[in-house]
Every structure is written in structure tokens, then in C-alpha cells.
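Trainee:
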Amino acid sequence: MHRIRLQDGSSFDFDPQSPNLLTSLEQQKYQVNFHCRAGFCGACRCKLVSGQISYLEEPLAFVRKGEFLPCCSVPASDLDIEIP
11 MHRIRLQDGS
21 SFDFDPQSPN
31 LLTSLEQQKY
41 QVNFHCRAGF
51 CGACRCKLVS
61 GQISYLEEPL
71 AFVRKGEFLP
81 CCSVPASDLD
91 IEIP
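Take the sequence shown: its letters are residues 11 to 94, numbered as in the numbering used here.
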């Protein structure tokens with residue numbers, strides 16, 4: 011189980027039964043912008059401070075280095091992230 015740490019100092023363990031990071035963040039009551047939930051629009055873009063993510067499907071939205079789309083990814087290690 012991977013630990014997810016956020017910029018406010020809070021953290022939680024990613025539930026391996028969760029389909030993606032966006033759903034897991036929502037279950038923990040974090041507010042994340044989203045629209046398509048499939049990697050097309052990029053609305054859920056977050057900053058990856060440290061750690062590794064794994065994409066379930068390669069996103070079609072442009073993703074800069076140091077960013078990720080939680081709607082189509084899961085953690086591959088413990089993560090430090092920032093939600094805009």
C-alpha cells in the first residue's frame with residue numbers, strides 16, 4: 011500500500027481497490043477539479059513533487075514534466091503531490 015502526502019501536510023494510504031488516484035482523493039474528501047475522468051481534458055492535472063505514478067491508460071491531454079493526471083493513474087510508490 012502506498013502513502014499519498016499532500017501539500018497541506020495531510021496523508022493517506024492509497025486503497026489498491028480504488029480504480030485511480032482521482033477516486034481515491036475524492037474518497038478522502040479532497041477537492042480535485044475534473045471533467046472527463048479519462049485523461050482527455052487535463053482538468054484534474056496535479057503536481058507530482060516526488061514518487062512514481064503508473065498510467066492505466068496513456069493520457070491524451072498534454073502533461074508536463076512534474077505533472078500527472080489522477081483520473082487515469084495509480085501510485086507506483088509513495089507520493090508527494092500538490093492539488094491546485
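Positions of the beta carbon are idealized from the N, C-alpha and C atoms, including for glycine.
From E67, S60 and F24, pick the residue whose C-alpha is nearest to that of K75; which is it?
Mentor: Here residue 75 refers to the residue found at position 65 when the sequence shown is read from its first residue. Checking every option, the nearest Cα to that of K75 belongs to S60.
Trainee: Does the stretch 34 to 45 come close enough to the stretch 66 to 74 that 3 or more CB-CB pairs lie under 8 Å?
Mentor: Too few Cβ pairs lie closer than 8 Å, so no.
Trainee: Relative to the alpha-carbon of S28, which residue among C81, P94, I93 and S87 has its alpha-carbon at the smallest distance?
Mentor: Translated into positions along the sequence shown, residue 28 becomes position 18. Of C81, P94, I93 and S87, the residue nearest in Cα terms is C81.
Trainee: Rounded to whole angstroms, what is the Cα-Cα separation between F50 and P69?
Mentor: The residue you call residue 50 lines up with position 40 of the sequence shown. The residue you call residue 69 lines up with position 59 of the sequence shown. Approximately 6 Å between the Cα atoms of the pair.
Trainee: Go through the stretch 14 to 55 residue by residue and report every complete run of the beta strand (DSSP E) that reaches 3 residues or more, in order.
Mentor: Segments of the beta strand (DSSP E) lying fully in the stretch 14 to 55: 21 to 23.
Trainee: Quick check: R13 and D23, are their CB atoms within less than 7 Å of each other?
Mentor: By one-based count along the sequence shown, residue 13 stands at place 3. By one-based count along the sequence shown, residue 23 stands at place 13. It is a contact, given that the beta carbons lie within the stated cut-off.
Trainee: For my contact list, V42 and L66 are in at a C-beta cut-off of 8 Å; report their separation, rounded to the angstrom.
Mentor: Sequence index remark: in the sequence shown, residue 42 carries index 32 (1-based). Sequence index remark: in the sequence shown, residue 66 carries index 56 (1-based). V42 to L66, Cβ: 17 Å. No contact.
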